[in-house]
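Only one structure is covered here, and it is reproduced in the block below.
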Amino acid sequence: MDLNAVHMLVKVAEMKSFTQAAHCLGTTQSRISRAITQLEAELGTRLLHRNTRNVSLTPDGCTLVDRSAELIAGLDEARKLLLDRRCEPTGVLRMTAPSVLGRVVLTPLLGQLLEQYPALQIDASFTDRLVDMVDEGFDAALRIGPLADSRMIARSLPPLHWVTVASPQYLARHGTPQTQEALAEHRCLSVYNHYRGFLVPWQFKLAEGKAEDWLPPVSISFDSGDPLIEGALAGLGVAQVMEFAVREHIASGRLVRVLPQLEGRSRELSLVYPRTRHASPKIKALGALLLAHSHW
Numbered sequence: 000m001d002l003n004a005v006h007m008l009v010k011v012a013e014m015k016s017f018t019q020a021a022h023c024l025g026t027t028q029s030r031i032s033r034a035i036t037q038l039e040a041e042l043g044t045r046l047l048h049r050n051t052r053n054v055s056l057t058p059d060g061c062t063l064v065d066r067s068a069e070l071i072a073g074l075d076e077a078r079k080l081l082l083d084r085r086c087e088p089t090g091v092l093r094m095t096a097p098s099v100l101g102r103v104v105l106t107p108l109l110g111q112l113l114e115q116y117p118a119l120q121i122d123a124s125f126t127d128r129l130v131d132m133v134d135e136g137f138d139a140a141l142r143i144g145p146l147a148d149s150r151m152i153a154r155s156l157p158p159l160h161w162v163t164v165a166s167p168q169y170l171a172r173h174g175t176p177q178t179q180e181a182l183a184e185h186r187c188l189s190v191y192n193h194y195r196g197f198l199v200p201w202q203f204k205l206a207e208g209k210a211e212d213w214l215p216p217v218s219i220s221f222d223s224g225d226p227l228i229e230g231a232l233a234g235l236g237v238a239q240v241m242e243f244a245v246r247e248h249i250a251s252g253r254l255v256r257v258l259p260q261l262e263g264r265s266r267e268l269s270l271v272y273p274r275t276r277h278a279s280p281k282i283k284a285l286g287a288l289l290l291a292h293s294h295w
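Numbering of the sequence shown is given in numbering that gives the first Met the number 0, commencing with residue 0 and proceeding in unit increments.
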């Protein structure tokens, strides 16, 4: 039995799409289709239901994938380990990061990484969704907050800091809040985490130096952090955002810090990767680059 064809079948089953499977495997849809058709002929059974809208496994296809998925994953991991023994980072680095962090911090650094290691390819996913790195095949991730997955190693990076901001135009119309309690009378821009089902709280520093969570009144909520910045710039209201993302806007005067005396929200940031990838030159190169340019 052709293990490469089985590998393609497993990937099509994971992605539920020939197109996405072809992109992930770096091949063509027609090649995958031919390989699976030949596998079906060899086994004398249909493995996939195909139509113009979707693709799904037949019962025999489910049996083959269930029995083969772990073997294929093991072969993939062995291949990665052998490739990672090379001194220079090569091949595809699949990584993920929160949307704002990836867009503002990581994207400008990727060019430097490619210039230094031209044999490297980067497949980046910037999303606020908490991805399963192992199941989804990511090599590395930037994660905010404590690590909860024992399958992972976390390499600490300098922490992130938050500021509360609004546009001068908004403050001219509605006044500048002088206390945390006064914020309750303002339009507050917030993030609602649909994956975990809660409104993300703001945080302020109390007089004794302790941090306190504060739930802003729900004026406008978004499903990610990106629109907070655009909303604040547009004068929609007050937002609490990561400082690096609005540093230039504050310097230019397009945004103004609100209640700076109460600033204190800070969270750890880590480069996270599977334990099996600890010796990867790709991960080492990415980690070194982040530490060298960690001015957030």
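We put the CB at the ideal spot given by N, CA and C, even for glycine. Since we're looking at a predicted model, the values are computed, not measured.
{"Item": "Between which two residues does the alpha helix (DSSP H) holding Met132 run?", "Value": "Met132 to Glu135"}
{"Item": "Do the CB positions of Leu235 and Thr163 come within less than 8 Å of each other?", "Value": "no"}
{"Item": "From the DSSP output, read off the bridge partner residues of Pro273.", "Value": "Met151"}
{"Item": "Alpha carbon to alpha carbon, how far is Ala118 from Phe243?", "Value": "31 Å"}
{"Item": "Quick one: what's got a C-beta closer than 8 Å to Leu74's C-beta in the same chain, skipping five residues either side?", "Value": "Leu2 and His6"}
{"Item": "Taking Gly136 as the reference, give the member of Ala206, Ala20 and Leu42 with the closest Cα.", "Value": "Ala20"}
{"Item": "Do the region 104-120 and the region 143-157 meet, that is, are 3 or more Cβ pairs less than 8 Å apart?", "Value": "no"}
{"Item": "Which partner residues of Ile121 appear in the DSSP bridge assignment?", "Value": "Leu92"}
{"Item": "Who pairs with Arg49 in a beta bridge, going by DSSP?", "Value": "Val54"}
{"Item": "In terms of residues, what are the limits of the beta strand (DSSP E) holding Val281?", "Value": "Correcting the residue identity first, residue 281 is Lys in this sequence and not Val. It is not in any beta strand (DSSP E) - Lys281 instead sits in the alpha helix (DSSP H) that spans Pro280 to Ala291."}
{"Item": "Indicate whether Leu227 and Val240 have their beta-carbon atoms separated by less than 8 Å.", "Value": "yes"}
{"Item": "I'd like the span of the alpha helix (DSSP H) that includes Lys209, first residue to last.", "Value": "Looking at the DSSP string, Lys209 is not in any alpha helix (DSSP H), and its letter there is neither H nor E."}
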